[in-house]
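These notes are about the structure you will find just below.
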């Protein structure tokens, strides 16, 4: 049976030049390198320069993905940008990227699902492609999350960083089997009962300010391992595949202990897990595409590999995408 698949034609990423080590943070907040590494696995993170906006990061990742796909930017008929840190309250940061790419057609919009944003955006893009409403879609995850941090709170400021990643999806015919290239299945979830476990204490309709990240770390950890494992099993059940069939697991890079716990729970060996949290920290919606691009660039992910993406973020939101590279 012939079906339309959303195939990844190219990917790209961008990290701000400024690196901030754990020792650097220890100079401004009561913490140590040992404390951070033991609890999170993070050694350093990248922080955007003054005046460097989310759209700047997104545009650089987008151009890298377009070049990797070998297409002309004019072939793109939709841009979906996942971010929690938009340049402005409105318009969407995606339209800024659209304008900078010289595009005056199609649609561009933002998706806000915090750390799950890129997985949400991929699923939305896949739906547009399968319905025939778009042929080539640029999907971006970009964040300047450092702008939401309380730099006196050592439980949160040590966790996050800035960055961007992007992929170009294009419609292609498949045979309707799990051997097809492209997105095979996606699953999205949310549960607003837990929104106060991980949130920002500000916003345009509440305080009129940006606010800062607030988190109940233990609760987030507990829900993350369970929810992520469930949505991974959901993806496998939908395709009839097993964990052993997965070539690469590219999770949201929140915390090394969450990654280890999830992999163990679903029976994946550590060598199949792409881990970049040590160098990037948690870059929210940018973390999955950043990790994905890292593994493609270093040669781990190859054509035909089965790749599992997952994320969980504030809301709570969570989801998974299973694709054939």
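Numbering (the numbering used here), first residue to last: 305 to 629. All C-beta atoms, glycine included, are put in the ideal place defined by N, C-alpha and C.
Residue i (DSSP reduced to helix, strand or coil)
i, result
"residue 496", "helix"
"residue 335", "coil"
"residue 477", "strand"
"residue 586", "strand"
"residue 614", "strand"
"residue 323", "strand"
"residue 574", "helix"
"residue 508", "coil"
"residue 374", "coil"
"residue 400", "helix"
"residue 429", "helix"
"residue 484", "coil"
"residue 384", "strand"
"residue 551", "coil"
"residue 626", "strand"
"residue 491", "strand"
"residue 361", "helix"
"residue 449", "helix"
"residue 356", "coil"
"residue 413", "strand"
"residue 533", "helix"
Neighbour-count burial assignment, residue i, 16 or more Cβ in a 10 Å radius
i, result
"residue 435", "exposed"
"residue 409", "exposed"
"residue 306", "exposed"
"residue 395", "exposed"
"residue 309", "buried"
"residue 624", "buried"
"residue 573", "exposed"
"residue 607", "exposed"
"residue 552", "buried"
"residue 327", "exposed"
"residue 531", "buried"
"residue 511", "exposed"
"residue 466", "buried"
"residue 321", "exposed"
"residue 615", "buried"
"residue 559", "buried"
"residue 386", "buried"
"residue 548", "exposed"
"residue 393", "exposed"
"residue 353", "exposed"
"residue 336", "exposed"
"residue 456", "exposed"
Residue i versus residue j: straight-line alpha-carbon distance, rounded
i, j, result
"residue 366", "residue 415", "16 Å"
"residue 478", "residue 486", "8 Å"
"residue 566", "residue 580", "16 Å"
"residue 372", "residue 316", "7 Å"
"residue 437", "residue 474", "12 Å"
"residue 404", "residue 451", "23 Å"
"residue 489", "residue 535", "11 Å"
"residue 514", "residue 508", "7 Å"
"residue 494", "residue 447", "21 Å"
"residue 425", "residue 517", "22 Å"
"residue 430", "residue 330", "43 Å"
"residue 501", "residue 338", "26 Å"
"residue 332", "residue 406", "42 Å"
"residue 618", "residue 411", "27 Å"
"residue 564", "residue 453", "26 Å"
"residue 626", "residue 506", "34 Å"
"residue 439", "residue 550", "27 Å"
"residue 402", "residue 319", "20 Å"
"residue 520", "residue 605", "34 Å"
9 Å Cβ cutoff met for residue i and residue j
i, j, result
"residue 399", "residue 422", "no"
"residue 323", "residue 482", "no"
"residue 383", "residue 428", "no"
"residue 596", "residue 611", "yes"
"residue 432", "residue 586", "no"
"residue 418", "residue 588", "yes"
"residue 359", "residue 556", "no"
"residue 458", "residue 334", "yes"
"residue 390", "residue 593", "no"
"residue 381", "residue 441", "yes"
"residue 492", "residue 622", "yes"
"residue 527", "residue 350", "no"
"residue 313", "residue 471", "yes"
"residue 325", "residue 356", "no"
"residue 363", "residue 590", "no"
"residue 525", "residue 569", "no"
"residue 546", "residue 620", "no"
"residue 504", "residue 388", "yes"
Contact with chain B by residue i, beta-carbon distance below 9 Å
i, result
"residue 404", "The chain labelled as chain B is not found in the depicted structure, where only one protein chain is given."
Stretch-stretch touch, CB-based, cutoff 8 Å, three pairs: the segment 337–346 with the segment 373–384: no
Any chance the segment 537–548 sits against the segment 592–605, with 3 or more Cβ pairs inside 8 Å? Short answer: they don't touch.
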